[in-house]
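**Q** In this note's numbering, the protein residues as written are 79 to 303. All C-beta atoms in this analysis are idealised placements derived from N, C-alpha and C, irrespective of residue type, glycine included.
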Amino acid sequence: MAVATVTAMVLLSASASYGTGTDFHCLRAIKDSLEDPHGMLHSWNFASKTEGSVCNFAGIICWHDGERLDVSNNELTGPIPSDIDALAPFLTLLDLSYNNFGGEITPNLSNNSFLKVLLLDHNQFQGRIPPRLHEFSSLTLFDVSSNNLSGPVPEFENVNFTADSYRDNPGLCGGPLVSCPTTPRGSHFRMNPFSHESQGINFGAAIVGFFIFYWLVVLFFFSSI
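1) Identify, in the order they occur along the chain, each residue of the same chain with its Cβ nearer than 6 Å to the Cβ of Ser-243, setting aside the five sequence neighbours on each side.
2) Using the Cβ count rule (16 or more neighbours within 10 Å means buried), how would you classify His-200?
3) Do the segment 206-221 and the segment 154-164 touch if we need at least three Cβ pairs shorter than 8 Å?
4) According to DSSP, is Arg-210 helix, strand or coil?
5) Distance, Cα to Cα, Thr-155 vs Pro-259?
6) Please work out which residues of its chain come closer than 7 Å, Cβ to Cβ, to Gly-253, disregarding the five sequence neighbours upstream and downstream, and give them in chain order.
7) In three-state terms, what does DSSP make of Arg-245?
8) Per DSSP, which residues does Gly-156 bridge with? Please list them.
9) Can you pull the DSSP bridge partners for Arg-146?
10) Just how far apart, CA to CA, sit Leu-165 and Ser-228?
11) Is the beta carbon of Leu-169 less than 9 Å from the beta carbon of Asn-152?
12) Who does Arg-203 pair with in a DSSP beta bridge?
13) How long is the line joining the alpha carbons of Ser-188 and His-212, rounded to whole angstroms?
14) Kindly indicate the opening and closing residues of the alpha helix (DSSP H) around Leu-165.
15) I'd like the list of long-range same chain contacts for Thr-240, defined as Cβ closer than 8 Å, with 5 residues on each side in sequence excluded.
16) Between which two residues does the beta strand (DSSP E) containing Ser-228 stretch?
17) Smallest Cα separation from Glu-182: which of Gln-202, Ser-175 and Tyr-176?
18) Going by Cα to Cα distance, which pick from Asp-163, Asp-110 and Leu-197 is closest to Pro-185?
19) How is Phe-102 classed by DSSP in three states: helix, strand or coil?
20) What number of angstroms, rounded off, separates the C-alpha of Trp-122 from the C-alpha of Ser-257?
21) According to the Cβ coordinates, are Leu-217 and Leu-250 closer than 9 Å?
See the structure below:
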């Protein structure tokens, strides 16, 4: 569960400049996923189903050029909802920067193919950046700096983001950062001396050595007579 002190959130409906049924579902799911000890979301009352009523919710602004969710600069914690792609399938802007979100960046975020702006910087995200993010042909602004991410960065098809988009993640590599370490094509096999196979080979070598020594002694004895 996330702990919220929400001061700014923006949702812009893709279908009209008024909140629709999809917006109701999305915002209800978001509210249910948050703890709101200070009652910052008390105006989020879903009793009214009137189209456009969500535009009166605290921190909500409704426009008509896509869904935009901005919860930057708050005290939010927890992971990104794993079903973010289902809650807001037409998301064009997602700004979670300057919070305390953690865990891995959900791979389902890769299904939000309309994203133009993705700002996840200054959080506590871990693990790898979902590799399918490189398929976002419309992405123009991307920032995951100041997290705990690791592994190779995505190779975006139509835009190259600078190292500033990835800074303060010592485990990241590739792209504008240092090259990722390569895996050796071959490795030297080294047998464990205490394994059953190794012990069997040693025993066999000892037997062969014993017989060689025995016959050398016999030959030496008879040659000296």
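**A** Taking the coordinates as given:
1) Excluding sequence neighbours, Ser-243 sits near Phe-220 and Asp-221.
2) buried
3) no
4) helix
5) 33 Å
6) Val-231 and Glu-233
7) coil
8) Phe-179
9) Leu-171
10) Approximately 27 Å, taken between the alpha carbons.
11) no
12) The question names Arg, but residue 203 in the sequence shown is Phe. Paired residues: Gly-181.
13) 9 Å
14) 162-165
15) Pro-254
16) Here the beta strand (DSSP E) through Ser-228 covers 226-230.
17) For Glu-182, the nearest C-alpha among the options comes from Gln-202.
18) Asp-163
19) helix
20) 48 Å
21) no
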